[in-house]
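Student:
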């Protein structure tokens, strides 16, 4: 995806991207094509900007930050890892880098810079040249796996769960307007400020746009999205999904309007207007997948609990049988003790006195003399 020789293919705003207090906030990377203007600050994982990109706010990058030649940042640049600053870059605030700093000639940092790692003053090669040289060296030494990981990371196909924000060459992004000459895609659960202008446009589900949508070609608005403005396409069709609310007017060649959508303004169709009951975006619903996965986990937990209860029940039955046998044994033991005691008493008990006397009289009779 060359940054210097060709524009990026489209404006891509991933799921969950928001504009907060004049900052573009995302969990993934931010990649900006050359000669673009970003009127507000940027917060993301890593920030990569091609030549002559102007930022109207600050840059906060959790990972690396790479600014090519002639870039201009109005405020501070805070980098969580390494920074690569090309020649003749202007930074209106401070530059703070937690890792290494590779900085070119004639860089103007108005409030100074600080780096915790190595500081090398030289001209870092442009981003696309650096990536090409690095990739060719990996392939030359036989590190095919590392090269594949690099390509996957740069194209968003790796293990990272967050897609990057892609802003094409020559774009203008501000609170008032997002204007590009390429197709544009906005993800789900986003919150954006400004009117969006593109060649064609697709807005995801449950997204809020504080502005209008305008494109030369087709426009698609996904389920539950709210557009606080007009929706207009010059030469294409307009497809509006279920639960969508458009606060302004809509205009297109053919309007495909869901029966549960709401339009507060006027509907203008140069061709025809059709009512439908289908979803207009076929991307996988991650929330539904998450709910299905949660249901499977709950079902597995229920099965485990049932198995455990069955095991406890069998254990309880065995314990009850053992207790019953022990009780029967204890019931038999007192009878044996009593018979044993009786036998012992018969053998060891002393004889009665009467019995002794009678036996003595019978054994030794006394002869009495006769009287005359």
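In this note's numbering, the protein residues as written are 1 to 372.
Backbone N, C-alpha and C fix where the C-beta goes; we use that ideal spot for every residue, glycine too.
1) Based on Cα-Cα distance, which residue from 63, 193, 45 lies nearest to residue 21?
2) In chain order, what residues of the same chain have a beta carbon less than 6 Å from the beta carbon of residue 400, not counting five sequence neighbours either side?
3) For residue 72 and residue 18, what's the separation of their Cα atoms in angstroms?
4) Can you tell me whether residue 222 is buried or exposed, with buried defined as 16 or more other CB within 10 angstroms of its CB?
5) May I ask you to list the residues that DSSP assigns as paired with residue 245?
6) Applying the 10 Å Cβ sphere with the 16-neighbour rule, what's the burial state of residue 43?
7) Taking residue 57 and residue 41 to be in contact with their CB atoms under 8 Å, please state how far apart those CB atoms are, rounded to whole angstroms.
8) Let me check one thing: in DSSP terms, what residues is residue 55 bridge-paired to?
9) Buried or exposed, going by whether 16 or more other CB atoms sit within 10 Å of the CB of residue 397?
10) What are the partner residues of residue 221, as DSSP defines its beta bridges?
11) So, does the region 200-218 touch the region 22-31, judging by three or more C-beta pairs under 8 Å?
12) Please look up how many angstroms separate the CB atoms of residue 230 and residue 250, rounded, as I've assumed it's under 8 Å.
13) Beta-carbon within less than 8 Å of residue 163's beta-carbon, same chain only, minus the 5 sequence neighbours each way: which residues are those?
14) With a threshold of 6 Å on Cβ separation, who are the neighbours of residue 224 within its own chain once the five nearest residues in sequence on each side are excluded?
15) Using the DSSP secondary-structure output, state which residues sit across from residue 192 in a beta bridge.
16) Considering Cα atoms alone, identify which of 245, 248, 217, 247 is closest to residue 233.
17) Would you mind reading off the limits of the beta strand (DSSP E) that contains residue 20?
18) Smallest Cα separation from residue 190: which of 183, 97, 174, 209?
19) Assign residue 179 to one of two classes, buried (16 or more other C-beta atoms within 10 Å of its C-beta) or exposed (fewer than that).
Tutor: In short, the structure shows the following:
1) Taking the first residue of the chain shown as 1, we reach residue 21 at position 21. Here the closest residue by C-alpha is 193.
2) Only positions 1 to 372 of the chain appear in the structure, and residue 400 is not among them; the question remains open.
3) For the purposes of this step, residue 72 is taken as the residue at position 72 of the chain shown. For the purposes of this step, residue 18 is taken as the residue at position 18 of the chain shown. Taking the straight line from one Cα to the other gives about 23 Å.
4) As a first step, residue 222 is located in the chain shown; it is residue number 222 there, counting from the start. Buried: at least 16 other Cβ atoms inside 10 Å.
5) Counting from 1 along the chain shown, the entry for residue 245 is found at position 245. Beta-bridge pairing links residue 245 to 226, 262.
6) Against the chain shown, residue 43 aligns to sequence position 43. It counts as buried.
7) Within the chain shown, residue 57 is the residue found at index 57, counting from 1. Within the chain shown, residue 41 is the residue found at index 41, counting from 1. Contact holds; Cβ gap of about 3 Å.
8) For this step, residue 55 is matched to residue 55 along the chain shown. In the DSSP output, where bridge partners are listed per residue, residue 55 has 38, 73.
9) Limits of the chain in this structure are 1 at one end and 372 at the other, which puts residue 397 out of reach.
10) Locating residue 221 in the chain shown gives position 221, counting from the first residue. Its beta-bridge partners are 203, 240.
11) By the C-beta criterion, the region 200-218 is judged not to be in contact with the region 22-31, since fewer than 3 inter-stretch pairs fall below 8 Å.
12) One-based indexing of the chain shown puts residue 230 at position 230. One-based indexing of the chain shown puts residue 250 at position 250. The pair is a contact, with the Cβ atoms about 7 Å apart (cut-off 8 Å).
13) Start at 1 with the first residue of the chain shown, and residue 163 comes out as number 163. Leaving aside the five residues that flank residue 163 on each side, the residues in its chain whose CB is nearer than 8 Å to its CB run, in chain order, 12, 14, 15, 28, 156, 187.
14) Taking the chain shown and counting its residues from 1, one reaches residue 224 at position 224. These residues qualify, in order along the chain: 205, 206, 243.
15) As a working note, residue 192 is residue 192 in the chain shown. Answer by DSSP bridge pairing, in chain order: 209.
16) Within the chain shown, residue 233 is the residue found at index 233, counting from 1. The shortest C-alpha separation from residue 233 is found at 217.
17) Within the chain shown, the letter at position 20 stands for residue 20. 18-20 is the span of the beta strand (DSSP E), which, as asked, contains residue 20.
18) The count along the chain shown starts at 1 and reaches residue 190 at position 190. Of the listed residues, the one whose Cα sits closest to residue 190 is 209.
19) Numbered from its first residue, the chain shown carries residue 179 at position 179. Its Cβ being crowded by 16 or more others within 10 Å, residue 179 is buried.
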